[in-house]
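Participant: Listed in order, the protein sequences are those of chains X and Y.
Residue numbering for the first sequence follows the working numbering, beginning at 150 and increasing consecutively.
Residue numbering for the second sequence follows the working numbering, beginning at 386 and increasing consecutively.
Idealized CB from N, CA, C, for every residue including glycine.
I am attaching a structure below and will ask some questions about it afterwards.
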Amino acid sequence: MSDSNRKSEDNELRAERIARRKKIRETRRRKLNLRITKRSVKMFLIFLAIMTALLIVVPRSKISNIEKRSLTEWPKFSASSLLSGEYTTGISQFYDDTVPFRDTFKNMNSNLRSLSGIQGGEMAQAVGNIKKVNPGANAEEKPVDTTAEDTAEDVASADTSAAEAVPAATATPEPQKDFTKEDAEGEYSPDNGVLVVKENGHWRGLEFFGGGTGGTFAEALNGLRDRLDSSVRIYVMGIPTACEYYTPANYLEYTASQKESLDAFYSKLNDGIEVVDIDETMKAHTEEPIYTRTDHHWGSLGAYYATGVFADIAGADYPSLDQYEEKTKEGYLGSIYASSGSALLLNDPETFYWYVPPVETPTDYYDTYFNFQYSGDMLLEVDTANAYMMFLGPDDEIAVTHSSVDNGRKIACVKDSFGCAVIPFLTPGFDEIYTIDMRYFYPNLATFVEEQGITDVLIACCTFSIVGPNADEMYNIVYYN
Amino acid sequence: MAFSDLFFLFFFLPLCLLIYFHTGRLRTKNTVLIVFSLIFYAWGKPVWLVLLLGSAVFNWFFGLKIGEAGESKLGKILTGSAVAVNLVMLFVFKYAGFFVEILNGILRTSIPVPNLTQPIGLSFYTFMAISYILDVAWETSEPQKSFKNFLLYISFFPHMTAGPIVRYETMEKELTARKVRNSDMYEGIVRLCLGLAKKVIIADGLNVVVTSFFGNDISGLSFAGTWYTVILYSLYVYFDFSGYSDMAIGIARMFGFHFEENFNYPFMCSSIAEFWNRWHISLGTFFRDYLLYVPIFGKRRKYGGLFLVWFSTGLWHGASWNYIFWGLYYGLFILLEGLIGKKRLKSWPAWWKHLYCILIIVIGFGIFYFEDLGQLGYFLRNISGISMVLGKITLGDIVTMTSLKNNIFLILIALLLCFPVFPKVRAAFENAREDKVFAIWKQGLMVVSIILMVVCAIMLVDSTSHTFLYWQF
Chain X
150 MSDSNRKSED NELRAERIAR RKKIRETRRR KLNLRITKRS VKMFLIFLAI MTALLIVVPR
210 SKISNIEKRS LTEWPKFSAS SLLSGEYTTG ISQFYDDTVP FRDTFKNMNS NLRSLSGIQG
270 GEMAQAVGNI KKVNPGANAE EKPVDTTAED TAEDVASADT SAAEAVPAAT ATPEPQKDFT
330 KEDAEGEYSP DNGVLVVKEN GHWRGLEFFG GGTGGTFAEA LNGLRDRLDS SVRIYVMGIP
390 TACEYYTPAN YLEYTASQKE SLDAFYSKLN DGIEVVDIDE TMKAHTEEPI YTRTDHHWGS
450 LGAYYATGVF ADIAGADYPS LDQYEEKTKE GYLGSIYASS GSALLLNDPE TFYWYVPPVE
510 TPTDYYDTYF NFQYSGDMLL EVDTANAYMM FLGPDDEIAV THSSVDNGRK IACVKDSFGC
570 AVIPFLTPGF DEIYTIDMRY FYPNLATFVE EQGITDVLIA CCTFSIVGPN ADEMYNIVYY
630 N
Chain Y
386 MAFSDLFFLF FFLPLCLLIY FHTGRLRTKN TVLIVFSLIF YAWGKPVWLV LLLGSAVFNW
446 FFGLKIGEAG ESKLGKILTG SAVAVNLVML FVFKYAGFFV EILNGILRTS IPVPNLTQPI
506 GLSFYTFMAI SYILDVAWET SEPQKSFKNF LLYISFFPHM TAGPIVRYET MEKELTARKV
566 RNSDMYEGIV RLCLGLAKKV IIADGLNVVV TSFFGNDISG LSFAGTWYTV ILYSLYVYFD
626 FSGYSDMAIG IARMFGFHFE ENFNYPFMCS SIAEFWNRWH ISLGTFFRDY LLYVPIFGKR
686 RKYGGLFLVW FSTGLWHGAS WNYIFWGLYY GLFILLEGLI GKKRLKSWPA WWKHLYCILI
746 IVIGFGIFYF EDLGQLGYFL RNISGISMVL GKITLGDIVT MTSLKNNIFL ILIALLLCFP
806 VFPKVRAAFE NAREDKVFAI WKQGLMVVSI ILMVVCAIML VDSTSHTFLY WQF
């Protein structure tokens, strides 16, 4: 056989061998592919079956301690709810909302979402709609009609056990650290306008203030002053929220000044309404836990200092803090964590402080029409997740606390949820403390005050309530109801 | 009910799969799919089922009659009538209010503005019905004799509520003959999980940021903040819609149906015309095939057709002027590119072509976002720099910088996934010589898909249901 013939034979044989090997490889790959595909599909279907079975069989969550709400209930069936789609969408909402161990998964989601970018370390987090405040946010509103039946002199000469002309303020306390003078990096959480910043080694969530001057609220208080006898003293304590004292300098243009807002509000009040200005007092204690870090409320310690200013003005007894029993709950995560889902807050829960008064505080609870419901105590046993609720429980009950003090003074504290923390500190100075939430009160306030023989009325609420929708609630309980 | 919903993923879909694969004959399987599809559709508002079923009966019946009539005058009348009825139905529920508002504005009348709720998926199934009618009329498809099969085509739950707009010819054969191979299940599962991740992890994560900046008055939003947000919004729309399409295609594959792709890495385009060949492909091809050459503009047919297509594209997305502007905005650039010519366009440097496209697309999505024309005006002034020059906004702001840092990894991943990274990686591994490498990839892909589904499920716990951006259409 010639060389060229041999070569071409060799080439043919080689080509055949290559083709055969390729075919073997392809057949092997095909079989491998089929094997793995079958196994993978089985794996997924088993996973799907287990997840579905778990979601159906494992008992469902009923409440969310983080979100502080009851979860969706199974919808009520009716022909109309079926036809409208309410029943069927209610089923899927129930299924989605009441996932077993919901709070655990919510916390896991916070940690997962924190992997989106650079957060933590010294880097703060901005969460939500954070917009620069308009320069005129605290500008004057339309003037309120402040015609008063009582003259200023009548008010000043009213005979109350502690009545004098408005007493001189106590000496201005020395301010502690001004956190608004320093820059900080923030973590931004889009949904609810929360900035999470580091302060003294811990993370704090701040909700910014949009501004306003509380014209409607002032009108309500002026109306209350008109309707009440001059012997009844009326005080108002506007409570700034944490962003007033803890917003870093480089974010200040995103929050309006609550001091300016409150000053403008106070200027609209008629004579006979005593202003409890707590701004300087709060500035004097910024390095102490006067505000919660993970909740939108202030802390019990902040309420103590603030109520001291009130007691001074009202001439009420006010024991020092060491006469109260300090208690704590560790691992508290409040509403700002719930709304922002910030992993920075989740992984840095706070200590919740409260102070048990040195007097007895049996309390009667009434519904919003003042029908008696049950008796209990002023401070409730609650779990850590709901710590702030320990002050008289939910806001939609009227409470009357009978302290062991016997001085004939009865005070009505008309409040929002911030005012709840004030109540324990009123107990040493007043016989009876009526706790009224302006949002859940259906009698007429002036009539109620007269009928119950109340001697002092303290309106204690945060700035947001004074300038926001709660002002309408306050207006209604004075003018309507 | 939505795909990114725990109830759908871990109740409805498993139950449907269980019953489907436990029935023997294809006809029974189709019945199962129809029942589940109608339940899926009726879940939100059962009353709209009447409209869907009515539309199915009407279009099926007319399809048969058009098929019988052929190219006769009767056939043309029947075709025109069927298309008109479909369009009237769409007009009444989607555009009547908008139309009356315009009329009141022009004629200074006070005709009561109808406030009808638009049935979910109306735009999609109406267009599918129209495509069926025209395909039968033009004899590119045989009329479907079985109402059951036609109903399955129209109502099949993967595509029903938010597309893709599936052509009848895509499903025609598989309605009566299909098999679900292991490879179909595998591909379907992977596609479903990847689509879910695009939607829940990426799109929803981006949307939270977009809402925080664009959700309120943007007159004071900085120049950087406006650009930052509109870029994220563009990414959000892509991942939301393409993620949904992936899920629809994946779920359909699990039942043996092979849908066409609806997105093909649109941000890779080098011309606006190319963008629309890669974005919402089923809508673009619908308008191209059924609307572009409508001979109503005579000699100016080309420009008339172009105007009609882009006007319709915009209007299809919503009964609001900003959608119309958006459609015409793209039409303008298509026209300009047509005038410049393909050859000259090709000669442009690649970087310039891509930059030009990205700018046009991103600004376009800003127009798409703002239904409020006042806010749209602010957007255009902010993004162009006019507001900054006038001293009304700043160049940057700390909240934008903070948000960027807080979300930088999510944004980078989103940007990376705009490129065809996954297909290239997949091809490399699946063509690997080493069986071990292939096996690890193949098995690993399913493991990763399951992990992604678990992660998405955890994220979904924190919200009840997410509706897709294109739900409203």
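DSSP three-state call for Glu646/Y: helix, strand or coil?
Facilitator: DSSP places Glu646/Y in coil when its eight states are reduced to three.
Participant: Run down chain X in chain order and give the residues with a C-beta less than 8 Å from the C-beta of Pro399/Y.
Facilitator: Leu197, Ala198, Thr201
Participant: Measuring from the CB of Asn371/X, is there a heavy atom of the ligand ADP at a distance below 8 Å?
Facilitator: Absence of the ligand ADP is noted for the structure shown, with no ligands found whatsoever.
Participant: Compare the Cα-Cα distances from Tyr510/Y to each of Ser531/Y, Cys841/Y, Gln529/Y, Asn444/Y and report the closest residue.
Facilitator: Asn444/Y
Participant: How should Leu204/X be labelled, buried or exposed, when 16 other C-beta atoms within 10 angstroms of its C-beta is the threshold for buried?
Facilitator: buried
Participant: With 9 Å as the threshold, decide whether the Cβ of Lys458/Y is near any Cβ in chain X.
Facilitator: no
Participant: Which whole-angstrom value is the C-beta distance of Lys476/X and Trp503/X, which I expect to be below 8 Å?
Facilitator: Separation of the CB atoms of Lys476/X and Trp503/X is rounded to 6 Å, and the pair is thereby assigned contact status at 8 Å.
Participant: Using the DSSP secondary-structure output, state which residues sit across from Cys562/X in a beta bridge.
Facilitator: Thr584/X, Leu607/X
Participant: Does the CB of Gln268/X have a neighbour CB from chain Y at under 9 Å?
Facilitator: Chain Y contact via Cβ: present.
Participant: Please report whether the beta-carbon of Lys326/X lies at a distance below 9 Å from any beta-carbon of chain Y.
Facilitator: Taking 9 Å as the threshold, the shortest C-beta distance from Lys326/X to chain Y does not fall below it.
Participant: Figure out for me which residue from Ala570/X, Met431/X, Glu368/X has the closest Cα to the Cα of Thr584/X.
Facilitator: Ala570/X
Participant: Helix, strand or coil for Met623/X per DSSP?
Facilitator: helix
Participant: To the nearest angstrom, report how far apart Val565/Y and Gly409/Y are at their CA atoms.
Facilitator: 13 Å
Participant: Compute the Euclidean distance between the alpha carbons of Ala469/Y and Val432/Y, then round it to the nearest angstrom.
Facilitator: 23 Å
Participant: Between the Cα of Met539/X and those of Thr517/X, Phe567/X, Asn556/X, spot the shortest distance and give me the residue it belongs to.
Facilitator: With respect to the C-alpha of Met539/X, the residue from Thr517/X, Phe567/X, Asn556/X having the closest C-alpha is Phe567/X.
Participant: Where DSSP assigns a beta bridge to Ile383/X, which residues make up the other side?
Facilitator: Ile422/X, Val606/X
Participant: Would you decide whether Thr430/X is buried or exposed? Buried here means 16 or more other CB atoms lie within 10 Å of its CB.
Facilitator: buried
Participant: Relative to the alpha-carbon of Gly751/Y, which residue among Ser619/Y, Lys687/Y, Leu845/Y has its alpha-carbon at the smallest distance?
Facilitator: Comparing Cα positions, the closest option is Ser619/Y.
Participant: If we ignore side chains and look at the alpha-carbon of each, how far apart do Val598/X and Ala561/X end up?
Facilitator: Straight-line Cα distance between these residues: approximately 8 Å.
Participant: Does Lys225/X pass the burial test, meaning 16 or more other C-beta atoms within 10 Å, or should it be called exposed?
Facilitator: exposed
Participant: Does the CB of Phe193/X have a neighbour CB from chain Y at under 9 Å?
Facilitator: yes
Participant: Please list the partners that Ala824/Y has in chain X, where partner means a Cβ-to-Cβ separation under 7 Å.
Facilitator: Leu181, Ile185
Participant: Using a Cβ cut-off of 7 Å, which residues of the segment 429 to 440 of chain Y contact any Cβ in chain X, in chain order?
Facilitator: Gly429, Lys430, Pro431, Val432
Participant: Determine, for Tyr146/X, whether the minimum Cβ-Cβ distance to residues of chain Y falls below 9 Å.
Facilitator: Outside the displayed range of chain X (150 to 630) lies residue 146/X, so it cannot be described from this structure.
Participant: Per DSSP, what kind of secondary structure is Ser151/X in: helix, strand or coil?
Facilitator: coil
Participant: For Gly460/Y, which residues from the same chain have a beta carbon less than 7 Å from its beta carbon, with the 5 sequence-adjacent residues on both sides left out?
Facilitator: Excluding sequence neighbours, Gly460/Y sits near Ile451, Ala454, Ala522.
Participant: Considering only the beta carbon of each residue, do Pro573/X and Met527/X sit closer than 9 Å?
Facilitator: yes
Participant: Indicate the three-state DSSP secondary structure (helix, strand or coil) for Trp706/Y in the structure shown.
Facilitator: helix
Participant: Can you pull the chain X neighbours of Gly590/Y, defined as C-beta to C-beta under 8 Å?
Facilitator: Arg262, Ser265
Participant: Taking Met623/X as the query, report the chain Y residues whose CB atoms sit under 9 Å from its CB, ordered along the chain.
Facilitator: Ordered by position in chain Y, no residue passes the 9 Å Cβ test against Met623/X, which lies about 27 Å from the chain.
Participant: Measure the alpha-carbon distance for Phe484/Y versus Asp589/Y and round it to whole angstroms.
Facilitator: 33 Å
Participant: Could you give the first and the last residue of the continuous beta strand (DSSP E) run that contains Leu355/X?
Facilitator: 351 to 356
Participant: For a quick check, are the C-beta atoms of Gln268/X and Ala487/X less than 9 Å apart?
Facilitator: no
Participant: Whole angstroms is fine: what's the gap from Pro292/X's alpha carbon to Lys417/X's?
Facilitator: For Pro292/X, the predicted model reports a pLDDT of 31, less than 50, meaning its position is unreliable and no value from the coordinates is stated.
Participant: Evaluate His407/Y with the Cβ neighbour count: other Cβ atoms within 10 Å of its Cβ, from every protein chain shown; 16 or more gives buried, anything less gives exposed.
Facilitator: exposed
Participant: In this structure, does DSSP put Thr344/X in helix, strand or coil?
Facilitator: Correcting the residue identity first, residue 344/X is Leu in this sequence and not Thr. The answer is strand: DSSP assigns Leu344/X an E or B state.
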